[in-house]
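Taking it in order: structure first as C-alpha cells, then the write-up.
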Amino acid sequence: MRWVLPCLVILAGCDTPHPRFAGVEPVRITVGQSTFDIRVRDRKAEAIRRNVEWAPRPEAVAPRAVAAIERVSGCTVHRLDGDQAQFFAWLKCGRGDRPMEILPGRIEYECDIEDAHVDRGLGETVTGMTCTPRRY
Numbered sequence: 002m003r004w005v006l007p008c009l010v011i012l013a014g015c016d017t018p019h020p021r022f023a024g025v026e027p028v029r030i031t032v033g034q035s036t037f038d039i040r041v042r043d044r045k046a047e048a049i050r051r052n053v054e055w056a057p058r059p060e061a062v063a064p065r066a067v068a069a070i071e072r073v074s075g076c077t078v079h080r081l082d083g084d085q086a087q088f089f090a091w092l093k094c095g096r097g098d099r100p101m102e103i104l105p106g107r108i109e110y111e112c113d114i115e116d117a118h119v120d121r122g123l124g125e126t127v128t129g130m131t132c133t134p135r136r137y
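Sequential numbering of the sequence shown, starting at 2, is according to my numbering.
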C-alpha cells in the first residue's frame with residue numbers, strides 16, 4: 002500500500018509537459034505507428050509519444066517525431082534531443098518567421114507516410130507524408 006502514491010506520481014509524469022511548455026495546448030498527431038502530443042513555444046517544441054510500442058528504439062521513433070514536429074510547427078527541426086518517449090526540438094524557421102500559431106481547441110492529425118528512406122544504423126527518415134486534420 003505504501004507504494005501506491007509513488008507509483009501514481011511516476012505515472013502522472015508520463016504525459017506531463019516540461020515546465021517550459023506548461024499551459025500550451027498539445028496537437029495530437031499520428032505518424033506511422035507513433036502518436037505524439039506536440040507543443041510549440043517560440044522556437045522550441047516538445048513531442049511526447051502517447052502510444053504503446055514494443056521496445057521502441059530512439060533511432061526508430063526520432064524520425065517520426067521530427068516529421069510530426071515539422072508538420073505542426075511549419076518549421077524545420079534544427080536539433081533534437083530526448084528519448085523514445087519525449088523529444089525536445091530546436092526549430093529553424095525562415096528569416097523572421099515564427100512557428101505556426103496553434104489554434105485553440107483540440108486538433109488531431111492522422112498521417113500516412115508516403116515515402117521514407119531506411120539507412121542501416123540510422124533508422125528511418127520520413128521524406129513525404131499526407132496528413133488529415135480532425136478538429137474536435
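Even glycine gets a Cβ: it sits at the ideal position worked out from N, Cα and C.
As the structure is a prediction and not an experimental result, all values here were calculated from the model.
For the segment 39-78, the continuous alpha helix (DSSP H) assignments of 4+ residues that do not extend past its boundaries occur at 59-74, in sequence order. Assignment of residue 96 by DSSP, reduced to helix, strand and coil, places it in the coil class.
Judged by beta-carbon spacing, residue 111 lies beyond the 7 Å limit of residue 131, meaning their Cβ atoms are not closer than that value. Rounded to whole angstroms, the separation of the alpha carbons of residue 35 and residue 49 is 10 Å. Excluding residues up to 5 positions away in sequence, 41, 44, 45, 46, 70, 74, 76, 77, 78, 79, 100 lie with their Cβ nearer than 8 Å to the Cβ of residue 92 in the same chain. A direct Cα-to-Cα measurement between residue 85 and residue 72 gives close to 19 Å. Going by DSSP, residue 29 is part of the beta strand (DSSP E) stretching over 28-32. For residue 22, the closest of 87, 114, 68, 31 by C-alpha to C-alpha distance is 87. For a cut-off of 8 Å, the C-beta gap from residue 32 to residue 56 is around 19 Å, too long to register as a contact.
In this structure, residue 53 sits away from residue 39, with a CB-CB distance that is not shorter than 7 Å.
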